[in-house]
Structure formats: structure tokens, C-alpha cells
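With our numbering applied, the sequence shown corresponds to residues 542 to 1123, in that order. Written below as C-alpha cells is the structure these notes are about.
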Amino acid sequence: MRRPSDQGIPPRSSSVLRLLRPGPRPAAALAAAIAAATALPLAAPQITRRFVDDAIGGASIRHLTLIALGYLVLAVAGQAARMVTAWLASRLAWDGTNRIRERLAGHALGLDMTFHGRHTPGELIERVDGDVVAVADFVVAFLLDVVAGVLLLSGVVVVVFGVDWRIGCVLLAYCLLIGYGMARAQRAAVPSAARSRAASATLFGALEERLAGAEDIRANGAGEHMVRRFHQVSAALFRAENRDARVGTVLLAGTSVAFAAGTAIMLGLAAWAMSSGTLTVGTAVLLFQYTLMVRTPFERLIDQIREYQAALAGLARIGGLLAERRTLAEPARPRPLPPAGPLGLRLDGVSFAYPGDDEQVLSGITLDLAPGETLGLVGRTGSGKTTLARLVLRLYDPVEGVVRVGGVDLRAADPASLRRRIGVVTQDVQIFAASVRDNLTLFRPSPGDERLRDILDGVGLGDWLAALPDGLDTEVRDVSAGEAQLIAFARAFLADPGLVVLDEASSRLDPATERRIEHSIDRLLGGRTGVIIAHRLSSLARVDKIAVLDQGKIIEYGRRADLAADPHSRYGRLLDLAGVSR
Ligand SMILES: Nc1ncnc2c1ncn2[C@@H]1O[C@H](COP(=O)(O)OP(=O)(O)OP(=O)(O)O)[C@@H](O)[C@H]1O
Ligand SMILES: [Mg+2]
542 MRRPSDQGIP PRSSSVLRLL RPGPRPAAAL AAAIAAATAL PLAAPQITRR FVDDAIGGAS
602 IRHLTLIALG YLVLAVAGQA ARMVTAWLAS RLAWDGTNRI RERLAGHALG LDMTFHGRHT
662 PGELIERVDG DVVAVADFVV AFLLDVVAGV LLLSGVVVVV FGVDWRIGCV LLAYCLLIGY
722 GMARAQRAAV PSAARSRAAS ATLFGALEER LAGAEDIRAN GAGEHMVRRF HQVSAALFRA
782 ENRDARVGTV LLAGTSVAFA AGTAIMLGLA AWAMSSGTLT VGTAVLLFQY TLMVRTPFER
842 LIDQIREYQA ALAGLARIGG LLAERRTLAE PARPRPLPPA GPLGLRLDGV SFAYPGDDEQ
902 VLSGITLDLA PGETLGLVGR TGSGKTTLAR LVLRLYDPVE GVVRVGGVDL RAADPASLRR
962 RIGVVTQDVQ IFAASVRDNL TLFRPSPGDE RLRDILDGVG LGDWLAALPD GLDTEVRDVS
1022 AGEAQLIAFA RAFLADPGLV VLDEASSRLD PATERRIEHS IDRLLGGRTG VIIAHRLSSL
1082 ARVDKIAVLD QGKIIEYGRR ADLAADPHSR YGRLLDLAGV SR
């Protein structure tokens, strides 16, 4: 059994890194490739020394040609080893980071509305993909440049020690000095990389939101404001990136100067050793080559320090996302809702405030619907109707009180059975760029075309379907708001729930379509429990009960027929106001 306290422990970066760990065989192959990529370049200057010394000693052209060929083979093999290393390292990094992506995407999808209300989809994409790419890039580079680089550097120092221990000491001291300098420089680069990633996430978040709302923005003439805001966010990103790049340039220039000085020192030492007779010309060339070889790994290392910052920032944010917990506690022993038939609904003293908001949106709501009964929920804009529907769907938990569906406290209900047994149709219908069939089944296995056609007929979309070129296979593109609404009804029919929540579901339909759909609403509610939220009171003509909400409280509740007959009831007065016969 899961203890509740388990949910509060945030995963560390180390647990994210564990997802990156490769299997033993790929790891061994990579180690072999790295070893070859290091050893082969290290051998090259030895051949040059041989060539120079033998040439000065008057060796035959044939002999020298063979040495040169050997050098060529070594150079090609060295490059090949590097390529294989790069290929293996990328594969490992992609395998590992795909595991992180999967985990992150799954985790983010499992979080509830409290989280998703605070984060835009664009921001999440940047986190699930952008941050993971930064980590993947670094892992590849770490294996390729940091591990291989450090090995190569150590190899060079060891070999030079073998040639002349005094020159070896100087080279070692020089490498340590450069290493120290770069470690200091790393600290200078810390904040700028983090800032640039944060600015990039903000830009993506802003873009996503503006694009999603493009139609409203244009229609309301808010374009100019949005463009200005876009410029501001872009400018922030530009400044952050610019600063980040400047830091990088300064570091690079610094190392260039340091390396030039180092090469000069080594050349001076070699000249001194040669003139004192302890060194051949070939060995001097060898030392020169090794000194040049030090530069590339160091430069790659400095690049990696910057990548490392980005990867570290990415890792921290990945860890942060994984540490986000559901605010809706998962039941220890989930109870399924009754698998078939209409489901009773009961709210007992339910109060609610949105997370992070003090304002009480619902207070002391008590309602009871027997299986198969329908409730009409009316009340002014902002009175809490949609909020109440969200509690019935368990998008949030009440702060006080209990919501029971089919006799099961929703906090203890199995989430999968909850989604299966409670259907909802709202004004906000998502139509996917996919076939009619997939839009009805939401990409689940189809119950058969015959059934889908029947259902579309039932909601009044029979003629619409008949006019489509490829029938159920037609890709849904331009549907009107009303058609989208009818498709949502069809989805609800298909799911065959035991409790249906309709939130302003028929308000986008023209009067003719609304009449047409009324009988399909009746059919949808036949043999099911229903909660119907509607401003238009005429759509509530057939419900069993009415609840009138005002500022989060039920101010009237009873059988519709009784309330309609009561000359003093609020519902009755609302009907009179709307000109609907009682
Ligand atoms: N996600 C949210 N976070 C914070 N407050 C919210 C949220 N959604 C709604 N509210 C607030 O809760 C109150 C009730 O809103 P709700 O959407 O439930 O009203 P409603 O009765 O459905 O209104 P309408 O008839 O306009 O649809 C309002 O004051 C609203 O500002
Ligand atoms: Mg509403």
C-alpha cells in the first residue's frame, strides 16, 4: 500500500540520471570506441618523430613512404574511431533521454487541473522536449569531449613525461593552470545559461497561448497589443542569449591567448633541450605536436562547461516537473463505480475554493439525485455552476463535504471507471484533425461503422455524414460550432455513461438545430442520471429537479413541477421573466 507521505518526496536529479544509464553491452562497446579514439591520435606523433629522425639520418624513399603510409592509416583509423564513438554516444543519449521524455510526458499528463491551470501547453512542450534535448546534447558531448578529452590529455602528459621528465612537469603544470582557469570561468557562465533557457520557455508559452487564441485576438482588435507583448518576450530572449554568447566569446578568447603562450613555452624548451644535445629534431617535432594536441580537448571542455550549465538547468527543471504531485490524492484502494446502469449522485455539504484562491466559490451544497433522475442547474453567470460540474467529474476535490457517484465517494473511486462512467458535454469541444471515426471514438478501437452511423443519425448529423466525400473516413476540418457540439453529443452516446453532465451544451445551436437535438438529449438522458446546466430555461422543460445557485449557494431546490407550480418560487419567476410557460 502507498503511504500518503510517499507522494511528497521529490525525486532528485540522480533519479533522472538513472533513466539515462545504458545496458552493459552498449556501455562496453562505447568504452572500447572511446579507448580507440584516444589511443590512435596519441600514436601519431611517434610516427612523425620516426619519419623526421630517419629522414635526417638518410633513410631510403621507400622506407619513408612506408612510414608516411602508416601515418595515413593511423589518421584515418583515428577519425573512424571518433565517428563510431559519436554514433554510439548519440544512440545511448537518445535511448536514455527518450526514457526521460516518456516519463515526463506520462507524469505531466497524470497531473490534475490545479497544475495545468498554472502552466501553458507551450511551456510544457519546452520542458518535456527542450530541456531533455539540452540533457541529451550534454550526455553525447560529455562522453565524446569530456571523457575522451581527459583521457587524451592524460595520455599526452604521460607520453611527454616518458620523453623528458622536466618537459613533462612543465606540461603538467601548464595543463593544471589552464584547468583551474577554466573551472573559475565556469562559475561566470552559470547564471547566463539558466536565464536564456527560462526566457526561451516564456517565449514558447506566450506563442502557444497567442496562437490558440488567434481568432479571438483578431476579432477583438487585440493584435497590436499581442505583437508588442511578443516583441517584449522576444527581446528578453535576445538579451539573455546575447549575454550568454558574450560570456562564451570572452572565455574562448582567453583560452586562445593561453594556448599561444603554452606553445611558445614548449617550443622554447624543446630548442633548449636540442641545443644541449638531449633531444633529436624528431623528438622536438613530437613535443610540438603533442602541445598542439592539448588545445582541442581543452577547447571542447570549455564548450562543455557551457553545455553543462544548460544541462544542469535542464535537469533541475526536469526534476522540478517530476516533483510536481497530483493535488487529487490517489485512492489507496480504488473502488470501481457500478459498471452498468444509471448512477445516483449525492453531494453532502460540499464547499469549494480554487487552489491558491481564498474566495469560496461553492458553500454547503447538498443535492441528491436517484439513479435515472435529472437535475437542471440554473443561476447567474459566475454563480458556480461549471465549478459544481467539475467537482462531479472530479477535476477537483471539494474542500469540505463529499461527492458520491453510484454510492462511491469520488476520492475513493477508481479514476479509470470514473472517466468511463461519467460523460460530459461542454461548450468547449475539441475537434481533432483526424477522421470522423477517430473524432467519435477518440482514437480508441471502433465499435463498428454501423453503430457510429446510428449514433450520428441519432444526434441529427445523418445528412452531414451523407454529404462527406469519404464517409466516416473523411478528415474533419471545417465544422461549425453547432456541428462540433453535435459531435460531442455523439461521443457521449458512444461512451454510454451512467451519469451525464451537460454544461451549456446546447447554447451554440440555432433554434432549429436545438429542437432537433432536444429529442437526442432526451434519448441520451433516458435511463441515465443527468445534470444539465443551461441559461436557456426552455431546455430544462423535462428535468426532474431544479437547483438555483446564487453566489455559490443553493437558494432553491426541489422538484421542477412543484417549483413551476409555486407562484412564489424563484424558478417560477425566472420562467416568467424568460417568457417560458410554466
Ligand atoms: N479555474 C479557476 N480558477 C479560479 N477561479 C475560477 C476558476 N474557474 C472559475 N473561477 C471562479 O469561480 C466562480 C464561479 O465560476 P463558474 O465558472 O463556476 O461559474 P458559472 O456559474 O459556470 O458561470 P457561467 O454561467 O458564466 O458559465 C467565478 O467567480 C469564477 O471567477
Ligand atoms: Mg459555466
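All residues carry an ideal CB built from backbone N, CA and C; glycine is no exception.
Alpha-carbon spacing of residue i relative to residue j, whole angstroms
| i | j | result |
| --- | --- | --- |
| Ala-974 | Asp-653 | 25 Å |
| Pro-879 | Ala-930 | 20 Å |
| Gly-549 | Pro-872 | Reliability of the predicted coordinates at Gly-549 is poor, the pLDDT of 37 falling under 50, and no value is obtained from them. |
| Leu-808 | Ala-825 | 8 Å |
| Ala-753 | Pro-662 | 10 Å |
| Gly-598 | Thr-638 | 56 Å |
| Ala-1007 | Ile-1028 | 15 Å |
| Ala-1105 | Gly-942 | 30 Å |
| Thr-907 | Ala-1053 | 36 Å |
| Ala-646 | Gly-803 | 49 Å |
| Ala-1159 | Val-970 | Any property of residue 1159 remains undetermined from this structure, which presents the chain solely from 542 to 1123. |
| Arg-559 | Arg-640 | 10 Å |
| Val-700 | Leu-748 | 55 Å |
| Pro-545 | Ala-870 | Any reading at Pro-545 needs caution, since the residue's pLDDT is 38, under 50, leaving its predicted position unreliable; the model's value is listed next. Cα-Cα distance, rounded: 8 Å. |
| Phe-1034 | Lys-1086 | 23 Å |
| Phe-1030 | Arg-961 | 15 Å |
| Arg-1123 | Gly-1113 | 7 Å |
| Pro-732 | Pro-896 | 32 Å |
| Arg-591 | Gly-619 | 19 Å |
| Arg-780 | Ala-682 | 26 Å |
| Leu-828 | Val-691 | 19 Å |
| Pro-567 | Leu-629 | 8 Å |
| Ser-892 | Leu-903 | 5 Å |
Contact test: residue i Cβ vs ligand 2 heavy atom, cutoff 8 Å
| i | result |
| --- | --- |
| Thr-655 | no |
| Glu-1045 | yes |
| Ile-1062 | no |
| Ile-906 | no |
| Ile-1074 | yes |
| Lys-1086 | no |
| Thr-927 | yes |
Simplified DSSP assignment, three categories, for residue i
| i | result |
| --- | --- |
| Ser-892 | strand |
| Ser-904 | strand |
| Val-1020 | coil |
| Arg-935 | coil |
| Thr-915 | strand |
| Asp-1125 | No answer is possible for residue 1125: the residues shown for the chain start at 542 and end at 1123. |
| Ile-972 | coil |
| Arg-1056 | helix |
| Gly-1099 | strand |
| Val-774 | helix |
| Pro-552 | Summary for Pro-552: the model assigns pLDDT 49, below 50, so the residue's position carries little reliability, and this model does not support an answer. |
| Ala-870 | coil |
| Leu-820 | coil |
| Ala-964 | Residue identity check: residue 964 is Gly in the sequence provided, not Ala. Correct three-state label for Gly-964: strand. |
| Gly-999 | helix |
| Glu-1045 | coil |
| Val-1084 | coil |
| Arg-1152 | Limits of the chain in this structure are 542 at one end and 1123 at the other, which puts residue 1152 out of reach. |
| Ala-881 | coil |
| Arg-668 | helix |
| Glu-941 | strand |
| Asp-909 | strand |
Sheet register partners of residue i (DSSP bridge)
| i | result |
| --- | --- |
| Thr-1070 | Leu-1040 |
| Val-697 | In the DSSP output, where bridge partners are listed per residue, Val-697 has none listed. |
| Gly-690 | Paired residues: none, contrary to the question. |
beta-carbon residue i near ligand 1 non-hydrogen atom, thresh 8 Å
| i | result |
| --- | --- |
| Tyr-895 | yes |
| Thr-1054 | no |
| Arg-736 | no |
| Ser-775 | no |
| Asp-898 | yes |
| Thr-868 | no |
| Val-902 | yes |
| Gly-917 | no |
| Ser-987 | no |
| Leu-1090 | yes |
C-beta neighbour in chain C for residue i, strict 9 Å
| i | result |
| --- | --- |
| Asp-1004 | Protein chain content of the structure displayed is limited to a single chain, and chain C is not contained in it. |
At a cut of 8 Å, does the segment 712 to 724 reach the segment 884 to 898 through at least three beta carbon pairs? Counting Cβ pairs under 8 Å, fewer than three are found: no touch.
State whether the segment 997 to 1013 contacts the segment 1095 to 1115, with contact taken as three or more CB pairs (one from each stretch) at a distance under 8 Å. Contact fails: fewer than three Cβ-Cβ distances are below 8 Å.
Counting pairs of beta carbons, one from the segment 626 to 637 and one from the segment 829 to 845, are three or more of them closer than 8 Å? Three or more beta-carbon pairs separated by less than 8 Å are not found between the segment 626 to 637 and the segment 829 to 845, which leaves the two stretches without contact.
Contact the segment 570 to 580 vs the segment 602 to 616: 3+ CB pairs below 8 Å: Taking 8 Å as the limit for Cβ pairs, the verdict is that the segment 602 to 616 does not touch the segment 570 to 580.
Would you say the segment 899 to 918 touches the segment 836 to 850, given that touching needs at least three Cβ pairs under 8 Å? The segment 899 to 918 is not in contact with the segment 836 to 850.
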